[in-house]
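Data block below; observations after.
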Amino acid sequence: LVDRMQGFGATIFGEMSALAARTGAINLGQGFPDTDGPAPVLAAARQAISDGFNQYPPPTGLPILREAIAAHQQRFYGLEVDADTQVLVTVGATEAIASAILALCEPGDEVVTFEPYYDSYAATIALAGAVRRTSVLRFPDFAVDEESLRAAFSPRTRLVLLNTPHNPTGKVFTRAELELVCALAREHDAYVVTDEVYEHLTFDGTEHIPVATLPGMAERTITISSGGKTFSTTGWKVGWLTGPAELVTACRTVKQFLTYVGSGPFQPAIAVGLGLNDDYYQGFSASLAGKRDLLIEGLEQAGLQVSRPAGTYFVIADAAPLGATDAVDFCWELPERCGVVGVPVSVFHDDKDAARTLVRFAFCKKDEVLHDAVRCLGALA
Ligand code: PMP
Ligand code: GLN
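Structure representation (structure tokens):
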């Protein structure tokens, strides 16, 4: 293994799902729903296989999906995106992130991001030979710290890698926070790559603000999303990016040599999902908000201190009140102690001390599973 990939090992998600399988514990570790997506979307995938969508799709994605993505950006955010030149379909958001970083960063360039960060960010920045510079979001409110954010920028800053709503914290960046990030990006003439895969998973009326809608940002922003989260089809790996034609072309140049194309019959199915009416989108986030409340109540009753997420399907809890001193040990012992699996947040940090006793739990599970989990967590109290 090359030097720049040393230390990455196996992903925490694979490890924790294996731990759940081995112990029979309830898996609130890896974030994936235990209920399949909307029936019309599933039916459309079956239909697409019957209709012969089984060979390589076009390199930028099937036109029907690119048009649906452009229409979605217009419908929800008023963003004008040209379906032919400003949309690239990828193999999940993961490939979109990799394509963007590899297309835009020279070795030695700096990427500013927040920690905790989604695990593929650090690995992809390393693959590109770039350097990550981070600003810490701190429990329990995870507010942006202006001073440390400013300090993360330098003359070598090439791009800012943002994620809102944010995994693993469940934070939804406020307009003021985004404006600060964007002002710094413009000041340093940096691109912004924004991972908005949880764009439709916000609660209590919290507004998701796409970076590309902020003044002066569309021309320097690549926006990434995925059908996996919005339509509960994480295994289909249909993602995409949108942005200025020149940047999208740069990403395509890289993408075509990563996978060329992928997810053939699932592309038209996700196009069907993007066209579903508002009831679907509102119903999905309302149902998740209820699940969030259920799990938070259980965690609090078990004695953990919880940060209430405004988005995503993750909640972070502090196990320190239970006497935990290291969440990594705590999470490995959790199946035995109470039959539940969670993820230690420190694995998403460079500054491990910032999250020493924090655990992430996923609540995208059936209500009965969450009730069981809450009962199990009671054993900790
Ligand atoms: N970004 C974030 C913040 C995520 O949580 C995920 C899903 N785990 C991804 C990207 C990857 O998305 P996909 O499965 O579409 O590759
Ligand atoms: N995005 C999911 C999570 O954060 C898992 C993705 C993965 O397993 N790579 O849990």
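Going by the numbering used here, the letters in the sequence shown line up with residues 39 to 419, in that order. Don't be surprised by glycine CBs; every beta carbon is placed ideally from N, CA and C. On a predicted model such as this, the values are computed, not experimentally measured, just so you know.
query, result
"Taking 6 Å as the limit, name every residue whose beta carbon sits nearer than that to some heavy atom of the ligand ADP, in sequence order.", "What this structure holds is the ligand PMP and the ligand GLN, not the ligand ADP."
"So which of 87, 273 and 146 has the shortest CA-CA distance to residue 192?", "146"
"For residue 242, does the three-state DSSP call read helix, strand or coil?", "coil"
"What I want to know is whether the C-beta of residue 277 ends up closer than 7 Å to one or more non-hydrogen atoms of the ligand PMP.", "yes"
"Thinking C-alpha only, which one of 301, 258, 263 and 303 is nearest residue 281?", "258"
"Starting from the N-terminal side, write out each stretch of the beta strand (DSSP E) that is 3 residues or longer and does not extend beyond the segment 94-178.", "125-129, 148-153 and 169-174"
"Does the beta carbon of residue 315 fall short of 7 Å from some heavy atom of the ligand PMP?", "no"
"What are the partner residues of residue 384, as DSSP defines its beta bridges?", "Residue 384 is not bridged to any residue."
"Since residue 343 sits in a beta bridge, which residues does DSSP pair it with?", "356"
"Should residue 151 be listed as close to the ligand PMP, given that the test is whether its C-beta is under 7 Å from any heavy atom?", "no"
"In chain order, which continuous runs of the beta strand (DSSP E) of length 3 or greater are located wholly inside the segment 213-293?", "229-233, 259-264 and 276-280"
"Okay, do the segment 129-142 and the segment 250-268 touch, 3+ Cβ pairs below 8 Å being the bar?", "yes"
"Among all the DSSP beta bridges, which residues are the ones paired with residue 399?", "353"
"If you run the structure through DSSP and keep just helix, strand and coil, what is residue 196?", "strand"
"Could you compute how far the alpha carbon of residue 364 sits from the alpha carbon of residue 395?", "5 Å"
"Rounded to whole angstroms, what is the Cα-Cα separation between residue 209 and residue 174?", "13 Å"
"Which residue's Cα is closest to the Cα of residue 212: 348, 416, 326 and 46?", "348"
"Note the first and the last residue of the continuous alpha helix (DSSP H) segment covering residue 85.", "77-88"
"Do residue 266 and the ligand PMP come close, with the Cβ less than 7 Å from some heavy atom?", "yes"
"Would residue 240 be called buried (16 or more neighbouring beta carbons within 10 Å of its own) or exposed?", "buried"
"Using a 10 Å radius around the Cβ and a threshold of 16 neighbouring Cβ atoms, would you call residue 40 buried or exposed?", "exposed"
"Out of 289, 323 and 353, point me to the one whose CA is closest to residue 333's CA.", "353"
"By how many angstroms is the C-alpha of residue 357 removed from the C-alpha of residue 114?", "38 Å"
"Determine the DSSP secondary structure at residue 182, reduced to helix, strand or coil.", "coil"
"Can you give me the C-alpha to C-alpha distance between residue 414 and residue 335, rounded to a whole angstrom?", "13 Å"
"I'd like to know if the segment 283-292 and the segment 304-315 are in contact, where contact means that at least 3 CB-CB pairs between them fall below 8 Å.", "no"
"For residue 116, count neighbouring Cβ atoms within 10 angstroms of its own Cβ and tell me buried if that reaches 16, exposed if not.", "exposed"
"Do residue 234 and residue 262 have their C-beta atoms within less than 8 Å of each other?", "yes"
"Let's test the definition: count the other Cβ atoms within 10 Å of the Cβ of residue 359 and tell me whether it reaches 16, buried, or not, exposed.", "exposed"
"Between the Cα of residue 251 and those of 111, 79, 320 and 187, spot the shortest distance and give me the residue it belongs to.", "111"
"If residue 299 and residue 95 are in contact, beta carbons under 8 Å, what's the gap, nearest whole angstrom?", "5 Å"
"Leaving out five residues before and five after residue 220 in sequence, what residues of the same chain have Cβ atoms less than 8 Å from its Cβ?", "230, 249, 252, 254 and 255"
"For residue 380, does the count of other Cβ atoms within 10 angstroms reach 16, so buried, or fall short, so exposed?", "buried"
"Can you have a look at residue 320 and say buried or exposed, based on whether 16 or more other CB atoms are within 10 angstroms of its CB?", "exposed"
"Using 10 angstroms around the beta-carbon of residue 293, count the other beta-carbons present and answer buried if the total reaches 16, otherwise exposed.", "buried"
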